[in-house]
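Numbered according to full-length UniProt numbering, the sequence shown spans residues 1 to 236.
Positions of the beta carbon are idealized from the N, C-alpha and C atoms, including for glycine.
To start, the structure under review is shown below, and the notes come after it.
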Amino acid sequence: MTEDRLLGGRIRLVQPQSGLKAGLDAVMLAAAIPAKPGETVLDAGCGAGAVFLCLMARVPGLRVIALERDPELAALARENAALNGFADQVQVIEGDVADATLPPVQHSCANPPFWPDGTAPPAVLRAGATHAGATGLLVWVRALANPLRAGGSATLVLPATRFSEAASALRLTGFGDVGLYPLWPRAGVAARRVLLTARRGGRGPDRVTSGLILHDGAGWSAAAEAVLRDAQALPG
Numbered sequence: 001m002t003e004d005r006l007l008g009g010r011i012r013l014v015q016p017q018s019g020l021k022a023g024l025d026a027v028m029l030a031a032a033i034p035a036k037p038g039e040t041v042l043d044a045g046c047g048a049g050a051v052f053l054c055l056m057a058r059v060p061g062l063r064v065i066a067l068e069r070d071p072e073l074a075a076l077a078r079e080n081a082a083l084n085g086f087a088d089q090v091q092v093i094e095g096d097v098a099d100a101t102l103p104p105v106q107h108s109c110a111n112p113p114f115w116p117d118g119t120a121p122p123a124v125l126r127a128g129a130t131h132a133g134a135t136g137l138l139v140w141v142r143a144l145a146n147p148l149r150a151g152g153s154a155t156l157v158l159p160a161t162r163f164s165e166a167a168s169a170l171r172l173t174g175f176g177d178v179g180l181y182p183l184w185p186r187a188g189v190a191a192r193r194v195l196l197t198a199r200r201g202g203r204g205p206d207r208v209t210s211g212l213i214l215h216d217g218a219g220w221s222a223a224a225e226a227v228l229r230d231a232q233a234l235p236g
């Protein structure tokens, strides 16, 4: 196990030394969720808890339902919630996104596994956390939709190559107002990761935002620093 720090040291995160480790994707996903104090958020496939911890550092008074099928990671999520003073606000449920029964929430989020079947590197071969083909991605989106109140938001972080199928899955599951938020490595460089947001029952047009340029010169851009170090919401 390692203990890492996120958000400029605001969050302590104990996580496995090998395999999937939380980092940029988790912080950016948390910064994109439009939750307000007092609301309840579902973190589907929460792992060790990086996403919900970063969100709770930014938005006070949240309640979190954290779903994780791996018992070891679920235990770590509970440990990390307590380590950061959020134990009373977080309910970690061991279960699969395909069949979990969850209480109602105002927001849901996920960082779905993104390797096609049979292509995951050996170092990240964790039970049920390594692949999501087109059908698998639809299962994840349904898991975000099922407990979501009408008008509630769903937020995902994905490889840029999968945004089209994810947007289709969102529409098939009753979402609208789909928004694409690219994470540009540098100005003029194609995005490798994107954030998708949507509203359950939304009827507005899809939109593409200007996104966020992560690096400027030799380091992080000022806008990225505000998210990564200062626990700010994503701009735009």
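Report the CB separation of residue i from residue j in whole angstroms; it is logged as a contact under 8 angstroms.
i: residue 35; j: residue 55; result: 6 angstroms
i: residue 226; j: residue 194; result: Contact flag wrong, Cβ pair sits at about 20 angstroms.
i: residue 246; j: residue 27; result: Look at the range of the chain in this structure, 1 to 236, and you will see that residue 246 is not part of it.
i: residue 176; j: residue 203; result: 5 angstroms
i: residue 48; j: residue 13; result: 6 angstroms
i: residue 89; j: residue 39; result: Incorrect: roughly 11 angstroms between the Cβ atoms, too far for contact.
i: residue 191; j: residue 211; result: 7 angstroms
i: residue 87; j: residue 93; result: Wrong, their Cβ atoms sit about 15 angstroms apart, outside the cutoff.
i: residue 214; j: residue 111; result: Residue 214 to residue 111, Cβ: 17 angstroms. No contact.
i: residue 178; j: residue 206; result: 5 angstroms
Is the beta carbon of residue i sitting closer than 9 angstroms to the one on residue j?
i: residue 150; j: residue 196; result: no
i: residue 59; j: residue 37; result: yes
i: residue 82; j: residue 74; result: no
i: residue 144; j: residue 158; result: no
i: residue 10; j: residue 45; result: no
i: residue 208; j: residue 180; result: yes
i: residue 31; j: residue 170; result: no
i: residue 200; j: residue 231; result: no
i: residue 50; j: residue 91; result: no
i: residue 76; j: residue 108; result: no
Opposite residue i in the DSSP bridges: which residues?
i: residue 18; result: The partner list for residue 18 (beta bridge, DSSP) is empty, contrary to what the question assumes.
i: residue 198; result: 154
i: residue 4; result: 13
i: residue 204; result: Note: residue 204 sits in no beta bridge, so no partner.
i: residue 184; result: 213
i: residue 220; result: 215
i: residue 176; result: 199
i: residue 138; result: Its beta-bridge partners do not exist; DSSP assigns none.
i: residue 147; result: Paired residue(s): none; residue 147 is not in a bridge.
i: residue 235; result: Residue 235 pairs with nothing; no bridge assigned.
i: residue 193; result: 159, 183
So, is the C-beta of residue i closer than 9 angstroms to a C-beta in chain D?
i: residue 188; result: Here there is only one protein chain, and chain D is not present.
Any 3 or more C-beta pairs closer than 8 angstroms across the stretch 183 to 194 and the stretch 138 to 153: no
With contact counted as at least three CB pairs below 8 angstroms, one residue from each stretch, are the stretch 19 to 26 and the stretch 78 to 92 in contact? no
My parser needs the beta strand (DSSP E) runs of 3 or more residues fully inside the UniProt domain "Methyltransferase small" (28 to 120); what are they? 40 to 44, 63 to 68, 90 to 94, 105 to 110
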